[in-house]
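This report concerns only the one structure given below.
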Amino acid sequence: MDSMKAYIEKNRDRFFEELFSLLRIPSISSQDSSRPDMMRCAERLTELLKEAGADSAGIYPTDGHPVVFGEKIVDPALPTVLVYGHYDVQPVDPVELWKSDPFEPEIRDGAIYARGANDDKGQLFMHIKAFEYLVRENRLKHNVKFIFEGEEEIGSPSLASWASMHRDMLAADIILVSDTTMLSETVPSINCGMRGLSYSEITVTGPDKDLHSGHYGGAIANPINILCDMISSLIDKDGKITVRGFYDDVVELSEEDRAKLARAPFDEEEYRKFLNIDEVKGEAGYSTLERTGIRPCLDVNGIWGGYTGEGAKTVIPSSAHAKISMRLVPNQDHEKIAELFEKHIKAIAPSCVKVDVRHHHGGNGFLIPISSPAYQAASRAMTDVYGIEPVPSRGGGSIPILADLQKILGIDPLLMGFGLERDTIHSPNESYLLKQFFAGMESIALFYEYYKGNK
Ligand SMILES: [Zn+2]
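Here this note's numbering runs 367 ahead of the position in the sequence shown, where the first position is 1.
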């Protein structure tokens, strides 16, 4: 579609200005102090939607951060695309590792650098601009609805109930999402499945106060030592998670499906080099791509307790804490896993300490069929833009709310993500390659050309 290319060329500077106005707003959903910024970001998004051609766009309160919804109804008889994205971002710590201000976007080496440049402001912005192009060039043959939430990075606690109350408003034929990565710059892929998530926090408490390690050391349980023992027992030497019942609902893939997955190009040496590690590690009997795509995993996300300041302080801490995430595969239920996890932790806790498990958030994984018209349309669009047919992939991340929306609205999500590993989302120096930013816009515009509804 040359005219989309031309449209990008003509409007390039304005696109940057508009995107940067979003990126400058520190919409960190996990920090309470960000509330005014969350609102500012939601307001800016409604402006952008209206300017792009939406009939209406507004801010809807939820129990948490607001939802932005906008739409253009061309003709109720036409297929409807529901675009999902999120305007909240991850915190920026450790901020000293950023080469430029995370909230002052900068273009260098062919990429935009800022928190949210990719995840997900940069990616949702491509949808607004593809839509703008179709509206202004009189090419829009769909109804388009946009739903942008402000709580994806904290597990979307409010969106499911909000969506249940606005079913009619959200009615559509497909949920279109760009919030994932492609396999590589030269190997486009479409994500047809995502892992789910269960996230818990463990607190181990010993004495009711911090104690002198000289006076009491060796005589009582140290909560940090105990917590470390418990955590290290959660994964065995084969990389299997030891939580009782954890694998009960995991569906083993057929050899044929595993062979299909193995066709995705993957260079382990490059992978190791990129991460600066000497060796990969994971569940025995599975490849790296399988470990992040079709197998569940358990990771400590943070662990703390005792004295961590400068110099030494001899102390037996009163308590120790750890945050633990479990990535789940489709068919595993996050609530059931949270229960199994808590039961297991309580069962292995020694009686010399008190152990508390708090469940933070979770969501189920999902899979969409490659044969679906929406997948096919996306595949054609990306083939046109990249010159190669995209590989169906299964992503390792989680967008738990998509499984919920799929259930509540009865619509499949389609994940056309244009991020790359190199973008280091959630880390310092998050970026988004300009090439991907523009190829994404083109692919999305073409998706609308090819997608004629689900029949
Ligand atoms: Zn995201």
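Beta carbons: idealized from backbone N, C-alpha and C, even for Gly.
Taken through DSSP and simplified to helix, strand or coil, CYS408 comes out as helix. Under the three-state reduction of DSSP, LYS690 is assigned to strand. The three-state reading of DSSP puts HIS533 in coil, since its state is none of H, G, I, E or B.
When C-beta atoms of the stretch 511-531 are compared with those of the stretch 771-789, three or more pairs fall below 8 angstroms, so the two segments count as touching. For ILE569, the beta-bridge partners assigned by DSSP are ALA689, VAL724.
In the displayed model, TYR818 falls within coil according to three-state DSSP, outside both helix and strand. Taking 8 angstroms as the upper bound for CB-CB distance, MET371 and LEU543 are not in contact here, some 16 angstroms apart. Near ligand 1, meaning a Cβ closer than 6 angstroms to any of its heavy atoms, lie the following residues in chain order: HIS453, ASP486, ASP487, GLU519, ASP546. The beta carbon of PRO574 sits closer than 8 angstroms to those of TYR583, ILE587, ILE683, SER685, all from its chain and outside the five residues before and after it, given in chain order. Bounds of the alpha helix (DSSP H) holding GLY660 are 655-660.
As for any beta strand (DSSP E) of minimum length 3 sitting wholly inside the stretch 664-715, the runs are 664-672, 686-695, ordered along the chain. With a contact defined as Cβ atoms closer than 8 angstroms, THR547 and GLY786 qualify at about 6 angstroms. Here MET532 is exposed. Its C-beta has fewer than 16 other C-beta atoms within 10 Å. Taking each of MET549, LYS604, PRO393, HIS726 in turn and checking the Cα distance to GLU756, the smallest one comes out for MET549. The way I'd put it, the stretch 425-443 doesn't touch the stretch 483-490; fewer than three beta-carbon pairs between them come closer than 8 angstroms. Here the alpha carbon of ALA744 sits roughly 22 angstroms from the alpha carbon of TYR374. LEU776 places its beta carbon 8 angstroms or farther from that of ILE735. About 16 angstroms separates the beta carbons of GLY420 and PHE515, which is beyond the 8 angstroms limit, so they are not a contact pair. The criterion of a C-beta distance shorter than 8 angstroms is satisfied by GLY483 and LEU390. Residue nearest to GLU385 within the set ASP399, LYS417, ARG402, SER396 is LYS417 (criterion: CA-CA distance). When the Cα atoms are used, ASP468 and LEU665 turn out to be separated by approximately 33 angstroms. Here the alpha carbons of TYR614 and GLN699 stand approximately 8 angstroms from one another. Taking C-beta atoms as the reference points, VAL448 and ASP540 count as a pair closer than 8 angstroms. When ARG475, ALA741, SER746, PRO697 are compared, the shortest CA-CA separation from GLY730 is found for PRO697.
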